[in-house]
Structures are given as structure tokens and as C-alpha cells.
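**Q** Chains as they are written, first to last, in this note's numbering: chain A, 1 to 329; chain B, 1001 to 1294. Take this structure, written in C-alpha cells, and hold onto it; I'll ask about it next.
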Amino acid sequence: MTDPTPHPTSSERPAPGFRGDAHTRRGGGGGDGPRDDGPGGGGPGGGGPILEVVDLVRSFRRPRTSLFRSPGAVEALRGVSLEVRAGQRFGIVGESGSGKSTLLRLMAALDQPTSGTVSFRGRTVSGVPERRLGFLRDDLQVVFQDPMGSLDPRMRVADIITEPLVAQGHGDRDARLAELLDAVGLPDGAGRRWPHQFSGGQRQRIAIARALSTRPRVLLADEPVSALDVSVRAQILNLLADLVDAYDLTLVFVSHDLTVVRHLCDTIAVMRAGEVVETGPTAAVADDPQHPYTRQLLGAVPTLQGALAGRDAATLARRARADDPEEPS
Amino acid sequence: MSAARDVVDATGAPVVAGTDETAGVANWSLWIGGGLVGLVVVMALVSFAWTPYDPYFVDVTNRFGGPSPTNLLGTDQFGRDVLSRLMVGARTTLFVGIVSVGVAGVVGTPLGILMGMAPAWLHRILLRANDLLLAFPALLLAIMFAAVFGPSTATAMVAIGIGTIPVFARIARSGTVQVMSSEYVLAARSAGRRGVRLAVRHVLPNIASLLLVQASVSFAIAILAEAALSFLQFGTPSPIPSWGLMLFQAQSVLAVNPGLTVWPGVGIAVAVLGFNLLGDGLRDRFDPRLAGHQ
């Protein structure tokens, strides 16, 4: 995926928000720059990335269809490299199947890469046995896409929210629960109820409260609003933005919706077919896209290629929306 | 990514499926099954406190007595009261069902969960091993046990239980695989849950309904298996009342008094039908989408 034309900004200093040369380089730093990382924060060298992904490859074996032929593999990620710095709001955009959720799962060490490494504050997390990932589980939490599926239907809300605290052996859970319910705007009595008694938006608030319970430094969000009604999306996005500010979180936000990412993030990585094709500050990527695919994402033009690649009307409609200057973002 | 999402969507539901949606729909299997099972249970419970006669009391002067006000269901070839023996036989039947399903559930469920949570290579090996055991008939195992340890109710129920372990392991495995691919397990893992605690907190509660349905169906099979074993003299020995044994003894005097075979036969049929219907009803209740299948 090397850009054939020399890039106008390639002579500038390399941006800290990316690495590797398989994608279009962009000038500029990572948003408003790294914030104070706090005591014990950061990797070696202090200013290093809080989350670093190097040459990540993940392939999935296809189910066997023939007794004699090898089933082959699907390459979900094909050598992805990224750096997320403390305090950044890092958006990952791409169409479905581009490998962005796979990348997020690998970042959270919920899946093992075929090759390559993920490191968190300078410590490798890929290939490390679960029992030695305590440092990651405390400091990095995930909000998932489907608020119906990400809450255990057999657990009360209080137990769901405090589960990370219980799992990590933290005390004073009742006080923390009240604090968290307040922070995400849920009533005090919510803890005694069951997940199915809440609406989609409220469930996502529960999921966010759970993710914040251990006071993590990094929050990974996997399309947290795409399963929600349009009417509650803005509320949840604003809640996320406010909480990220209030708790000085580093946010990694995965979405297929460029409008959402543009609204929330200061840095964008554009993914396509398991590769990062463009990285840079939001304004630069959105206003002056260098890679053809980014332009395509922004332009959302129905093309013959797109139709042959099986992109459907819904995807195109989303892209059209993403490119509509009238659309409030 | 979309494939993974689909799995969650397809599998989240059966374990999530609540009871609210089906509350309005009449669930006849559940009520009829529950009623029949209730009948057997009540009969067994009452037999602890009261039976019309001592089920072991032999009264040779009153052999082959037909149904009468003193002996409601008549007497057998030894003059023993059939109703009393039927009631105590219900006890044996339920006891065998509880113990064999208990053995199968307590051993099979953790095995199945282990299988479902194991790495792919181990999963595949355990699954094949389980299939191998599944292919071995429980009845044959029970006859083998009876030959080695001598025929008794205990031997029969333990053998039936062991024979049913792979069934539970398989059900627990498939449920676990579904639950493990759900987002709430991913969330729990990212919260730092793993191993036994993950299994106890998340997997077990969410496959409990599957296991309950399987327990009911296995209960029916266990009852039938015990009756068959007792009939073949590999199970409950005489003179302890057991429906299978009663059927065997009645069968030896079939030419003289065919009526004697009816009552233990009805008992077995009612219990087996009851537990099967109860299982179907429970399944429809927990997962309405499967109603009418199987």
C-alpha cells in the first residue's frame, strides 16, 4: 500500500502518531501533543507511546470446505504499526472488514496476534499469559459495540460495574459504584436492577461505568454508538468526550463513521483491508486527504470498483453522510 | 469483524432469551409435563409417610386379587398390594433419576465447560474423546457393571449416570462455546476475569437453562434405563419394589393375570412422558426460537 507519489510533507519531521512506511506519512504532531503522563506513566524515555503496535499480523483460518484442499486463511491485519501517545484521542476509521475491531482486540490482549507485538507503556502484552496481564487490566479498559451483548444478562448492574474491581481485588466498591453511576448519569438505584431493564443508551452508560471503574489510563472504544438509536448517539459521544477530559484518559476510538471520529478525535488512522493507509491529525486527514482511499471515504462516491467489492448501499449512504458538510458533526 | 459480531448476535439470544416474551403463550408441554412429574413425585413422597399396605407383606390367600375397595389396584401373585408397591416403586424411580442425572451433571458439566474454554487443539482432542464415549451405550455399561459389582439399584444408577456424562459434557461444551464468543465474556476478560472464576461467574449461569432442559430429558432416559435393567434382572433386586421389576414379575404370570402388567407399565410411561414433556416445555420457555424443533 505504498503511495506511489512522493508526499509533499514527507520531508517534515515524522509525526509521533504513527510509524512504519507502509502507509502515507503525514506531518504534524498527535493533536495537541502528549499530556503529562503522571507518575510512573509512559514507556522508556518518558515521552514514548502509551500504546504501541508494531507490524501486527493476524490471520484467521477459514472453515474447511473440502476434505482435500487446505482451507486457507483470511488476513484480518497485514502488518499494522501504530503509536498512541498519552492524552491522545486516537480514531481508527475503516469500513467493516478492514480489521479495526481485530486491531482493538489485540490492543486489549483479548486475542493473540499471528506475528508482531503490542506493547503498553513499554511492556509487551501480546503473547503474555493472562495471569501476568494485571497491569494492563487495571490501566486499559474496553467499551464494546453492542450494549445488549456486552452486559451479562445474569448479573445485576452493580455486579457488572464493579466486576473489574472485584477481579483486580480492589476494595471500597460501594462508594466507587455510587461515584460511577453518578459520573455516567444513571440513578442511584440502578445497581440493583438487571441489564434488560435498561434501554440501549443506558446500557452503554453501564458499560462505560464498568470501563472506568478501575480508573484506567486508556479507554478503547469499539464502535460504541453504532448499535444505538441516532437520537442517543450524541448523548453517549458527549458523555465519552466529557469523561475522557475529566479523567485525563487516552482514548482509542474505532468506528466506520468518519463524522463521529472527526467530532471526537484529534488523530485519525484510516484502515483498509488490514492495513493502515493514512495517519495524522484529524484536521489534516479530513481536510486534505492524501491517500486515495481516504478521499474515497470522504467522497463516498459510488464506483464500479466499490460495487464489485461488494460495498452495499448502506455503506455508501454512511459515506455520503460522512462527507456532507451540512451534517452537524 | 463482522463475522465475529454475527456469532454474538446468533448466540447471545438463546442464553439471553427471557421469559417475558413467552409469558402470554400457553406452554402445554410445560404444564402437562409438570403435572405428570408432579403426580409421580407426590406418589413417592406420600409413600414415605403412608401406603395402603406394607409393600412387602405377602398374603398367599389373597393372590391375584382384582381391583377392590380393600386393594384399589389389586394384588400380585404373592398377594402383595399393587398400589403400595407402585408408590414405593415411584420412590426408586425418582431416586435412580436424581442420582444418575446428578452424577452425569456434576461430572459432565465441568468437563464440558473445560472443553469449551480449552485452547483449540485440546478442545478438538477432548471433543473426539467425548464422541467416543457417547457412542458407547449406557445400557451395555450398566450390564457390565452389574456383572462385575452385582445387580443393585446403586450399581444401576451409577452406571446410568456414568453413561450419561458425555451427553452433559456435549451440551455444556456447545453452550460454553456460545457464551465464550459473547461480548460480555470479552468484557469480563478485559476486566481481568479468567479461568475458574470466569466459568463460575459468567459461563455457568448462562448455560444453566440448557443444562436444566438436558437434565429433564436425561431423567426420562434414566428412568427407562433403570426399568429396563430391573426387567432384565440387572438392576433393582427382588423384593424391593421397582417398576421394571414389577413388570418382569407380572410378565411371568401374563397368561394367568394380564392386568398386573398394566400398572407398572403406566407408571413408567407417565414418568418418562412427564419428564420428556417437561424438558420440551422448559426449552420452549428458555428459548422460544427452538420451539417445535427436535
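All C-beta atoms in this analysis are idealised placements derived from N, C-alpha and C, irrespective of residue type, glycine included.
Note down the Cα distance separating Asp152/A from His1202/B, rounded to an integer number of angstroms.
**A** Cα to Cα, the separation comes out at about 7 Å.
**Q** Is there a Cβ from chain B that is less than 8 Å from the Cβ of Gly134/A?
**A** yes
**Q** Could you tell me which of Thr1051/B, Pro1166/B, Gln1214/B sits nearest to Gly1281/B, measuring between CA atoms?
**A** Nearest C-alpha to Gly1281/B: Gln1214/B.
**Q** Quick check on this structure: which residue in Ala1228/B, Ile1223/B, Met1180/B has the alpha carbon closest to the alpha carbon of Pro1205/B?
**A** Met1180/B
**Q** Using the three-state DSSP reduction, which class does Gln1233/B fall into: helix, strand or coil?
**A** Correct three-state label for Gln1233/B: coil.
**Q** Could you give the residue range of the beta strand (DSSP E) that holds Gly1265/B?
**A** Premise fails: Gly1265/B lies in the alpha helix (DSSP H), 1262 to 1286, not in any beta strand (DSSP E).
**Q** Taking only beta-carbon atoms, is Leu237/A less than 8 Å away from chain B?
**A** No, no contact with chain B.
**Q** Measure the C-alpha to C-alpha separation of Leu219/A and Leu140/A and round it to an integer number of angstroms.
**A** 6 Å
**Q** Which bits of chain B does Val157/A rub up against, with CB to CB less than 8 Å?
**A** Correct list: empty, because the minimum Cβ distance to chain B is about 13 Å.
**Q** Under a three-way DSSP split, which group does Gln204/A fall into?
**A** In the three-state reduction of the DSSP assignment, Gln204/A falls in the helix class, which pools H, G and I.
**Q** Taking only beta-carbon positions, decide if His1123/B is within less than 8 Å of chain A.
**A** Taking 8 Å as the threshold, the shortest C-beta distance from His1123/B to chain A does not fall below it.
**Q** Residue range of the alpha helix (DSSP H) that Pro164/A falls in?
**A** 157 to 168
**Q** What residue does the alpha helix (DSSP H) around Arg272/A start on, and which one ends it?
**A** Per DSSP, Arg272/A belongs to no alpha helix (DSSP H); it is in the beta strand (DSSP E), 267 to 272.
**Q** Which two residues bound the contiguous beta strand (DSSP E) that contains Gly1112/B?
**A** No beta strand (DSSP E) holds Gly1112/B; the alpha helix (DSSP H) holding it covers 1082 to 1117.
**Q** Counting contacts by CB-CB distance shorter than 8 Å, is Phe253/A in contact with chain B?
**A** no
**Q** Assuming Gly191/A and Arg156/A form a contact by the criterion Cβ under 8 Å, report the distance between their Cβ atoms to the nearest whole angstrom.
**A** Between Gly191/A and Arg156/A the beta-carbon gap is near 7 Å, inside 8 Å, which marks them as a contact.
**Q** Between Val260/A and Thr267/A, what straight-line distance do the alpha-carbon atoms span, to the nearest angstrom?
**A** 13 Å
**Q** Under a Cβ-count criterion, where at least 16 other Cβ atoms within 10 Å of its own Cβ denotes burial, should Asp179/A be classed as buried or exposed?
**A** Sequence inspection shows Glu at residue 179/A; the Asp mentioned does not correspond to that position. Exposed, since its Cβ has fewer than 16 Cβ neighbours within 10 Å.
**Q** Please state whether DSSP places Pro292/A in a helix, a strand or coil.
**A** helix
**Q** Bridge partners of Phe1210/B, per DSSP?
**A** Going by the sequence as given, residue 1210/B is Leu instead of Phe. Leu1210/B is not bridged to any residue.
**Q** DSSP three-state call for Ala73/A: helix, strand or coil?
**A** strand
**Q** Can you tell me the Cβ-Cβ gap for Val184/A and Ile208/A, rounded? I've got them flagged as a contact below 8 Å.
**A** 5 Å
**Q** Tell me which residue opens and which closes the beta strand (DSSP E) that Val118/A is part of.
**A** 115 to 120
**Q** Going along the segment 1174 to 1199 of chain B in order, which residues come within less than 7 Å of chain A, judged by CB to CB distance?
**A** Ser1182, Glu1183, Tyr1184, Leu1186, Ala1187, Ala1188, Arg1189, Ser1190, Ala1191, Gly1192, Arg1193, Arg1194
**Q** Residues of chain A with CB under 7 Å from Pro1205/B, in chain order?
**A** Arg154
**Q** Buried or exposed, going by whether 16 or more other CB atoms sit within 10 Å of the CB of Ser1029/B?
**A** Per the 10 Å Cβ criterion, buried.
**Q** Pick out whichever of Val1060/B, Phe1057/B, Val1058/B, Val1082/B has its Cα sitting closest to the Cα of Pro1069/B.
**A** Val1082/B
**Q** In chain B, which residues lie with their C-beta within 8 Å of the C-beta of Leu240/A?
**A** Residues of chain B passing the Cβ test: none, with the nearest at roughly 16 Å.
**Q** Using DSSP with H/G/I as helix, E/B as strand and the rest coil, what is Glu1226/B?
**A** Helix, per DSSP.
**Q** Since I believe Leu1247/B is in contact with His1231/B (beta carbons under 8 Å), could you give me their beta-carbon distance rounded to a whole number of angstroms?
**A** Just to set this straight, residue 1231/B is Phe in the shown sequence, not His. Yes, they are in contact, since the Cβ atoms of Phe1231/B and Leu1247/B sit about 6 Å apart, within 8 Å.
**Q** Since Asp138/A and Gln168/A should fall inside the 8 Å C-beta cutoff, what is the C-beta to C-beta distance between them, to a whole number of angstroms?
**A** 6 Å
**Q** Counting only C-beta atoms, is Val142/A closer than 8 Å to chain B at any point?
**A** With 8 Å as the cut-off, Val142/A counts as an interface residue toward chain B.
**Q** DSSP state of Arg1128/B, grouped into three classes?
**A** Correct three-state label for Arg1128/B: helix.
**Q** Go ahead and pull the three-state DSSP assignment for Gln330/A.
**A** Residue 330/A falls outside the range modelled here, since chain A spans only 1 to 329, and no answer is possible.
**Q** Bridge partners for Arg58/A per DSSP, in chain order?
**A** Answer is Leu77/A, bridged to Arg58/A.
**Q** Taking all protein chains shown into account, decide if Leu1254/B is buried (16 or more other Cβ within 10 angstroms of its Cβ) or exposed.
**A** Per the 10 Å Cβ criterion, exposed.
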